[in-house]
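Asks: After the structure tokens below, expect a handful of questions from me.
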Amino acid sequence: MEERQYRSASGAPIALRCRQHSASCRELAVRCPRLQLRSLSAVTSAVWLAAYGLFVLSENSMMLSSAIFITLIGLIIYLHFVKIDQESLLVIGSLGIQVTSSYASGKESTTFIEMGQVKDVVINEAIHMQKVIYYLCILLQDPGDPQGVSEVVPLFQSSKPRLDCLIEVYKSCQEILEQRKTALQSSRGK
Amino acid sequence: MDHTLETSQQKEKLLKTIYTLQLKSITTLQTASPLLNSQRGMGMVTQHQVNQLADKAKSLCGDLDNIKNLLHYCQDDLVQRIPNPTGSRYGGVCGIHCSLDGSIYVTAESAPWVHVLSSTGQTLRSLPCQQTGKESCTFLPEDVTVTRTGMVAVADMMNGAIWVFNPHTSLSKGEWLKIRKVGSPRGIGVDSMGKILVADYAQGEVHRFALDHAFRTLNIHSVPDLQGPRYVSPAPNGGFVVSEECGDVSVFTSSRKLLCSLSSKYGHQFGNPAGVCVDVDGSILVADEQRRTVHLFPEHGSPVCLVSTGLRRPAGLACSSFGHLFVADAGENCVKVFNCPVSSRARWQGESLAIGDGEQQAPMGEGECPALPQARVTARLRLLISQPSRQPHRPALGAGRVSGEQRCRVYRSIRIAAMVLKVFFPSCCSSAESGILIGRWISEQNSAVILAVVHFPFIPVQVKQYLSEVERVTKVSVSVLGSWSNSKQEKEKSLSEFLEDLGTIFSHEPWIQISKEGDSKFWSCSTLQKHSKNSKEEEIILVYYDQRKVMLSHLHPPLATDPKADDASKLSAIFDTVAKSKILFMTDRYDDGPIKLTHWQSDGVEASIIVELMKQASVPACMLLTFLLSVISGICRSRVLKFWPLSFLWSKLSICEQLGHRLQHLQVISSNKKAQNQTQLMRKANIFVSLLIDVALGILLMSWLYRKNRIGHLADTLIPVADHVAEELQDLLQWLMGAPAGLKMNRALDQVLGRFFLYHIHLWISYIHLMSPFIEMILWYVGLSACLGLTVALCILSDIIALLTFHIYCFYVYGARLYCLKIYGLSSLWRLFRGKKWNVLRQRVDSCSYDLDQLFIGTLLFTILLFLLPTTALYYLVFTLLRLLVVIVQGLIHLLVDLIDSLPLYSIILRLCRSYRLAAGVKFRVLEQQDGKPLRLLMQINPLSYGNVVQTYRLPTYSCYPRDSWTSLCKKLFLGELIYPWKHKGEKQD
Numbered sequence: 001m002e003e004r005q006y007r008s009a010s011g012a013p014i015a016l017r018c019r020q021h022s023a024s025c026r027e028l029a030v031r032c033p034r035l036q037l038r039s040l041s042a043v044t045s046a047v048w049l050a051a052y053g054l055f056v057l058s059e060n061s062m063m064l065s066s067a068i069f070i071t072l073i074g075l076i077i078y079l080h081f082v083k084i085d086q087e088s089l090l091v092i093g094s095l096g097i098q099v100t101s102s103y104a105s106g107k108e109s110t111t112f113i114e115m116g117q118v119k120d121v122v123i124n125e126a127i128h129m130q131k132v133i134y135y136l137c138i139l140l141q142d143p144g145d146p147q148g149v150s151e152v153v154p155l156f157q158s159s160k161p162r163l164d165c166l167i168e169v170y171k172s173c174q175e176i177l178e179q180r181k182t183a184l185q186s187s188r189g190k
Numbered sequence: 001m002d003h004t005l006e007t008s009q010q011k012e013k014l015l016k017t018i019y020t021l022q023l024k025s026i027t028t029l030q031t032a033s034p035l036l037n038s039q040r041g042m043g044m045v046t047q048h049q050v051n052q053l054a055d056k057a058k059s060l061c062g063d064l065d066n067i068k069n070l071l072h073y074c075q076d077d078l079v080q081r082i083p084n085p086t087g088s089r090y091g092g093v094c095g096i097h098c099s100l101d102g103s104i105y106v107t108a109e110s111a112p113w114v115h116v117l118s119s120t121g122q123t124l125r126s127l128p129c130q131q132t133g134k135e136s137c138t139f140l141p142e143d144v145t146v147t148r149t150g151m152v153a154v155a156d157m158m159n160g161a162i163w164v165f166n167p168h169t170s171l172s173k174g175e176w177l178k179i180r181k182v183g184s185p186r187g188i189g190v191d192s193m194g195k196i197l198v199a200d201y202a203q204g205e206v207h208r209f210a211l212d213h214a215f216r217t218l219n220i221h222s223v224p225d226l227q228g229p230r231y232v233s234p235a236p237n238g239g240f241v242v243s244e245e246c247g248d249v250s251v252f253t254s255s256r257k258l259l260c261s262l263s264s265k266y267g268h269q270f271g272n273p274a275g276v277c278v279d280v281d282g283s284i285l286v287a288d289e290q291r292r293t294v295h296l297f298p299e300h301g302s303p304v305c306l307v308s309t310g311l312r313r314p315a316g317l318a319c320s321s322f323g324h325l326f327v328a329d330a331g332e333n334c335v336k337v338f339n340c341p342v343s344s345r346a347r348w349q350g351e352s353l354a355i356g357d358g359e360q361q362a363p364m365g366e367g368e369c370p371a372l373p374q375a376r377v378t379a380r381l382r383l384l385i386s387q388p389s390r391q392p393h394r395p396a397l398g399a400g401r402v403s404g405e406q407r408c409r410v411y412r413s414i415r416i417a418a419m420v421l422k423v424f425f426p427s428c429c430s431s432a433e434s435g436i437l438i439g440r441w442i443s444e445q446n447s448a449v450i451l452a453v454v455h456f457p458f459i460p461v462q463v464k465q466y467l468s469e470v471e472r473v474t475k476v477s478v479s480v481l482g483s484w485s486n487s488k489q490e491k492e493k494s495l496s497e498f499l500e501d502l503g504t505i506f507s508h509e510p511w512i513q514i515s516k517e518g519d520s521k522f523w524s525c526s527t528l529q530k531h532s533k534n535s536k537e538e539e540i541i542l543v544y545y546d547q548r549k550v551m552l553s554h555l556h557p558p559l560a561t562d563p564k565a566d567d568a569s570k571l572s573a574i575f576d577t578v579a580k581s582k583i584l585f586m587t588d589r590y591d592d593g594p595i596k597l598t599h600w601q602s603d604g605v606e607a608s609i610i611v612e613l614m615k616q617a618s619v620p621a622c623m624l625l626t627f628l629l630s631v632i633s634g635i636c637r638s639r640v641l642k643f644w645p646l647s648f649l650w651s652k653l654s655i656c657e658q659l660g661h662r663l664q665h666l667q668v669i670s671s672n673k674k675a676q677n678q679t680q681l682m683r684k685a686n687i688f689v690s691l692l693i694d695v696a697l698g699i700l701l702m703s704w705l706y707r708k709n710r711i712g713h714l715a716d717t718l719i720p721v722a723d724h725v726a727e728e729l730q731d732l733l734q735w736l737m738g739a740p741a742g743l744k745m746n747r748a749l750d751q752v753l754g755r756f757f758l759y760h761i762h763l764w765i766s767y768i769h770l771m772s773p774f775i776e777m778i779l780w781y782v783g784l785s786a787c788l789g790l791t792v793a794l795c796i797l798s799d800i801i802a803l804l805t806f807h808i809y810c811f812y813v814y815g816a817r818l819y820c821l822k823i824y825g826l827s828s829l830w831r832l833f834r835g836k837k838w839n840v841l842r843q844r845v846d847s848c849s850y851d852l853d854q855l856f857i858g859t860l861l862f863t864i865l866l867f868l869l870p871t872t873a874l875y876y877l878v879f880t881l882l883r884l885l886v887v888i889v890q891g892l893i894h895l896l897v898d899l900i901d902s903l904p905l906y907s908i909i910l911r912l913c914r915s916y917r918l919a920a921g922v923k924f925r926v927l928e929q930q931d932g933k934p935l936r937l938l939m940q941i942n943p944l945s946y947g948n949v950v951q952t953y954r955l956p957t958y959s960c961y962p963r964d965s966w967t968s969l970c971k972k973l974f975l976g977e978l979i980y981p982w983k984h985k986g987e988k989q990d
């Protein structure tokens, strides 16, 4: 197990952790930048100040209590549905690829893609806001057409690592996918 | 054409000669080409001469093909004329399809029927194109086809929809289902993979999509940039053929790439290609509407004109596999049947294969089949000719074929898993005593699904007997896969030897040995391959799974039930195996059979006695309910209720719609047919729960209403409210009759309109006062209907609102009509100014020269209308706003009703309490590792997300709102056309 520091597309520090479970099983986890206390307190104080201003104007104490509720509910929603803590990719050579993103509240959402559906793992580029970023994606096999791609599943959507980190992940994925191919070839050779 | 014996013999002879000629040239070329290509000098022969020879041979091939085609097909061989079964009232026949069993499906231009004819022209069936339940909702099919499952699919250009006739519904007659909206579908077809092809005329696209068993469309692809595609037909290699209006006929491959266009490939000029079809041996047939011909485009050779005279306006085209060509002649309004002989290639396909293998001693002269595999021979000749400078004959041909096979094998093996052995082990068996493992071996995935452990002592014969019995019941090939040793203390050497010996009794390849020592979490796992030559150690992955959860869960999306399902997904095979071997788990731990098993055992269902009693009670209850329902639906269907004013009333009252909907639900629940699959079961359960909740809410509402004389209070407040509304309206009218918001109106018109509306309100108020003594009683009785469900009560509320605001509706209609008239008048007079007029016949604006007095009158009228417009527009605006308010309130109520109707509550509760029952897939967790021991994974069920649950199991509703887009709504409002909250009869519902 090793951990290396990289930067995300926006410049925030992220950590890539690679765990080799066995020859054909590898886990790659990208830890997203943590929630900053500074931004949290800034947002909270902004909401409360606005509520206080309204209270002074309207002299209704409902404003203050609603501000507290808004902050609490907003925080819960943010932690449970928006803020992703860690995104990990579990590549099991003969079974498939599992994509997990764990939220700050502990909720995990998982998708498992069987190896039969995986056509390839590639690095692609896309225009995001005003700049071009790279991203890793899984190409899914079109069941009707052996050459076609039915769907593209983008990975690490929240952390958006830079190209150097992506290349690292890409290489370890391809190693395992290659293993599978060589195993196939050797079995066919027999 | 005469078919005497003599001519046919001559024909045979000629074909034989052609074949001999072809074979001769092939052998000549075969012997010549290595000589010509030898490296040591070419003698006197130059490359140019070789090429010349090749060209000549190529043209010879072409000529031979042409002669063969001309010999084979016969022109204008009319067999039969089948008149249009609809008669001539509804226009000529246009769409035609011939199914594999020879029956013909015919549609006419504007007839709402699909007729099914036998191959001799007798009408077998007529399917009326009507949506059941809503009698007046008919549609006009343009083209027809039959899906792979044997259902009739039609393209409906007017509504822009594709309909499929589902004969297996709860209704005995079957019903039409709208499966997809397409802009303007013209032609329809089903390709060789069972996908539906639709030619979208206005958009210039061909859509291709698959249809699953729940009639949902999947994998939608389109081919854009076509010029008015009309008819579409599948091509044999998985592609399709499209005819474009006054254009060309294009052939596409299965990957939607343009392969060729017929006019460029064959150098043929089309007038207006209409129907296309492809016959058994892959030739494309095209009907030409302008030239009144049908041409056949063989794979090799030039086009053949099959029908040259006798057609007036050919439209659709179909080919049967028995050698008949059906042309729908819209001009003469009949279907003409021509002979179109099946070519020799299809007939001798079997023989050609056999002969192709032993081609050296081909029995060419003496065989009784003279026209041997011509196409194949010509193809081979062509291959030889096209590469004269390459290798001699054998490798060129062989290499091509081998590489194809190899590719095929590579492709197949990619889909098979790599050589890593996966053992799916039930976690409940981890504490079992030593024994043997039984389960299913899935060889294509190289994985073993272990279902149970058989303990010592056992008699091998009995185990085998038991397994064969299980296999017979469950249809899962259960076998002994390996041995399991669970040694509590130290390793017993004798036992391990014994376990290895067991492998010889139960032969299985590979023999899996799993052993657990003490309480260690890390098991050692090895495989024995007796017949293996490779000494390489395979990697093993141990996957633990929860037997109970996997057995009870259902993977989503539901699997296609075709036998090829096993290649769809590996995990589904595992789920399937565990679910099917349910019978294996039924044995109790106290059962004293000859074999002792360890596997998941249920602890018994809670309150199972109550469940059993309810099961017993439900049968008579269902029967009673069915009887009652049949009586009620019989009454509803009686003719007395179908007369004009009543039927009109029923269709406008939302309560009737809702009651009909609920009646259908009850019929679904009470039907004694067992639900065939998971989807239907869930649907039934969802309907049941939603009905229960609905009724419970309704009774709650009722108990609230009937306590403390709330009905009386309600009635007491209702009349003053209605009065108040009327008063407010009067005030509003008074305000409008003055100078509203400082606007100066046309005084005379303003007064007239204002008085008219005031009189209306006066009428309304007297009506309300007439009603007022009975209001309480009416409310009391109407309130009783809440026991039928909250939705029914809400629908009644919506209807009451509609009735109480009838005056607003009337005002709106008057205002809109006046406004609409003025707008139309102004627009036509504006055209008059510009010297133009609307041509009704051509649907366009033409120029026109007017007289002076016409212009004068027009100007006068225009001025009057223009100056009166603001007054009318003001009234229209005010009443439209009022009307919109009412419509929005009604719409909200209907949204609530729809929500209660469609929410799949049972599925949601199931997801909440037993999340593993609805699985979206699986997820794996890597367990602790130790070097040298196999990788251990824990397989868990990944539950379906709530959004997906709702999406998958949403109950269909009768949505009766016109789905206008916002722009069309605004346009309608601006032009003064009426908008309705309910489904407009003229429009087809969505």
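Chains E and S, in that order, give the protein sequences. For the first sequence, the positions run 1 to 190 when UniProt numbering is used. For the second sequence, the positions run 1 to 990 when UniProt numbering is used. Note that CB positions come from ideal geometry on N, CA and C, so glycine has one too. If you're wondering where the values come from, they're calculated on a predicted model, not measured in any experiment.
1) So with Cβ pairs under 8 Å, would you call I220/S a contact of chain E?
2) Can you grab the Cα-Cα spacing for the pair V476/S / F575/S, in whole Å?
3) To which residues of the same chain is L978/S closer than 7 Å at the C-beta, ignoring the five residues directly before and after it?
4) Check the DSSP bridge columns for L325/S and list the partner residues they point to.
5) To be precise: take each residue of the segment 908–938 of chain S, compare its Cβ to all Cβ atoms of chain E, and keep it if any distance is under 7 Å. Which residues remain?
6) Do you know how far the Cα of L296/S is from the Cα of S283/S?
7) Quick check: does the Cβ of F627/S come within less than 7 Å of any heavy atom belonging to the ligand COA?
8) Just to confirm, is the Cβ distance from V152/S to Y105/S under 8 Å?
9) Is there at least one Cβ from chain S nearer than 8 Å to I70/E's Cβ?
10) With H, G and I counted as helix, E and B as strand and the rest as coil, what does DSSP make of E136/E?
11) Going by CA-CA distance only, name the one from L861/S, A155/S, I96/S that's closest to P185/S.
12) Just to confirm the assignment, what range does the alpha helix (DSSP H) spanning residue 1048/S have?
13) Can you list the residues of chain S that E151/E reaches, using a CB-CB cut of under 9 Å?
14) Spatial neighbours of V478/S within its chain, please: CB distance less than 8 Å, with the 5 preceding and 5 following residues excluded, ordered by chain position.
15) List, in order along the chain, the chain S residues whose C-beta lies closer than 7 Å to that of A23/E?
16) Determine the contact status of G121/S and S320/S, defining contact as a CB-CB distance below 8 Å.
17) Work out the CA separation of L197/S and V93/S for me, nearest whole Å.
18) Given a cut-off of 8 Å on the beta-carbon distance, is the pair T880/S and K822/S in contact?
19) Taking the straight line between their C-alpha atoms, what separation do you get for Y78/E and L35/E?
20) List the residues of chain S that T110/E touches, going by C-beta distances under 7 Å, in chain order.
21) To the nearest angstrom, how far is it from the Cα of L718/S to the Cα of L653/S?
22) If you count every other CB in all the chains shown that lies within 10 Å of the CB of G189/S, and 16 or more means buried, which is it?
23) Please classify A621/S as buried or exposed, where buried requires at least 16 neighbouring CB atoms within 10 angstroms.
24) Around the C-beta of residue 992/S, are 16 or more other C-beta atoms found within 10 angstroms, so that it is buried, or is it exposed?
25) Whose C-beta lies closer than 7 Å to the C-beta of L896/S among residues of the same chain, with five residues either side of it excluded?
Replies: Put simply:
1) Judged by the 8 Å Cβ criterion, I220/S is not in contact with chain E.
2) 12 Å
3) V813, A816
4) C319/S, F338/S
5) G921, V922, K923, F924, V926, Q929, L935
6) 7 Å
7) The ligand COA is not part of this structure, which contains no ligands at all.
8) yes
9) Not closer than 8 Å to any Cβ of chain S, the Cβ of I70/E fails to qualify, so no.
10) Just to set this straight, residue 136/E is Leu in the shown sequence, not Glu. In the structure shown, L136/E sits in a strand (DSSP, three-state: E or B).
11) A155/S
12) Chain S is shown only over 1 to 990; residue 1048/S falls outside these bounds and no answer can be derived.
13) Here the premise fails: no neighbours, minimum Cβ distance about 11 Å.
14) I438, G439, R440, L451, L467, V470, E471, S581, L584
15) E539
16) Taking C-beta atoms as the reference points, G121/S and S320/S fail to come closer than 8 Å.
17) Pairing V93/S with L197/S, the inter-Cα distance amounts to about 21 Å.
18) no
19) Looking at the two C-alpha atoms, the distance is approximately 11 Å.
20) K923, N942
21) 21 Å
22) buried
23) That one is exposed.
24) Summary: the structure shown does not reach residue 992/S, with chain S confined to residues 1 through 990, and so no result is reported for it.
25) L794
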